[in-house]
Amino acid sequence: MKPLSLFSTFILALLTISMMGCSGSKNTTTLSSMDATLSLDGEPTEWDLESTRLLMDDRFHIYASKNSAGDVLYVYINVASPFLQEAVKRSGLTLYLSSDKDNPEARGVTYPSGTFNLLRDNPGFYDDFLRDREWLGKKENIDNLQASEPRIYETATLKEKYDKKSTQDAANVPLSMVQSEGTVIGLDTVQTGLSLEWMIPLDQTAPFQVSSGELIMGIAIEPPMFVFRSDEDITQPSSRVGQGYGGYGYGGYGYGGYGQGRYGRRPQRRAPSDQGHAVRRSLGETEVWFTLK
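Count along the sequence shown from 1, add 10, and you get the number used in this note's numbering.
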């Protein structure tokens, strides 16, 4: 079946308020160890799929394991739904990993970044994208999004939430910056449709800064929160939707240590409308959470 075009999907989003299987519950799993050497190519060839399975449904096939020493986490994610595969190209696929049960979204990495997230590099442009009903109806905008698609495989979007009451911050960085700290991400878009293989050191290094022990892991597709101009409710300035631009967010971004205030200007926060929530759900919003022991 031919995938929906970006514009067709957005129109569908405006017309439907159906939710695709969102889940906020956390499944508790005791991880097995895996001694095999993984090639990290996005294919499950070396995996023991029976003992490492966390989830298999119409959205995702997810597997996880640790190495025999318990200081490295391996995660394999296959995006099973063709619709969600297209959603990932637009909004990215986020992996959250936290040792804080009260703030499971403390740190996350979105990879591929998704073309919508690439717009964050220009905060003013991104703000217009979120507010203008006609934005995705303009041919030049659709053409620019489609032309930027190859970059989503070279870019990761780092996400941080200082505490459970904070607004989430996000910044784009080159994938090589994430992998320079020891985390490795393998990608396959040919044999499996869309799959990722993660190797995450549990030694407090960036981007997740977690150690071995009980962890909360989330896998999510998070479309932007559209707040169209006729629906918006202007509140106090607080939200940060972009970063100080310098390459891919180098301006003021301290990669080795997280902290607040590195994402540049603070545009006005706009409360989401019911239609904004509906659009987000219809663009593939979904999540699943696990407690890993």
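In this text, a Cβ means the ideal position worked out from N, Cα and C, and glycines have one as well.
In the three-state reduction of the DSSP assignment, P211 falls in the strand class, which pools E and B.
E164 is bridged by DSSP to nothing; it lacks a bridge partner. Under DSSP, G118 takes part in a beta bridge, and its partners are Y106, K169. For G228, the beta-bridge partners assigned by DSSP are Y106, W299.
Runs of beta strand (DSSP E) with 3 or more residues, each lying fully within the stretch 43 to 117, are found at 63 to 66, 70 to 76, 82 to 89, 104 to 108, listed in chain order. If you draw a 10 Å sphere on the C-beta of D213, you find fewer than 16 other C-beta atoms in it, and that means exposed.
Shown here, P133 sits in a helix according to DSSP, grouped into three states.
S61 counts as exposed, since fewer than 16 other C-beta atoms from the protein chains shown sit within 10 angstroms of its C-beta. DSSP places L293 outside both helix and strand once states are collapsed to three, so it counts as coil. Residue state for L140 is assigned as helix, using DSSP reduced to three classes. Taking C-alpha positions only, V183 is separated from V119 by approximately 10 angstroms. Taking V89 as reference, the option from V289, I229, T301 with the minimal CA-CA separation is I229. In the structure shown, V220 falls within a coil segment according to DSSP collapsed to helix, strand and coil.
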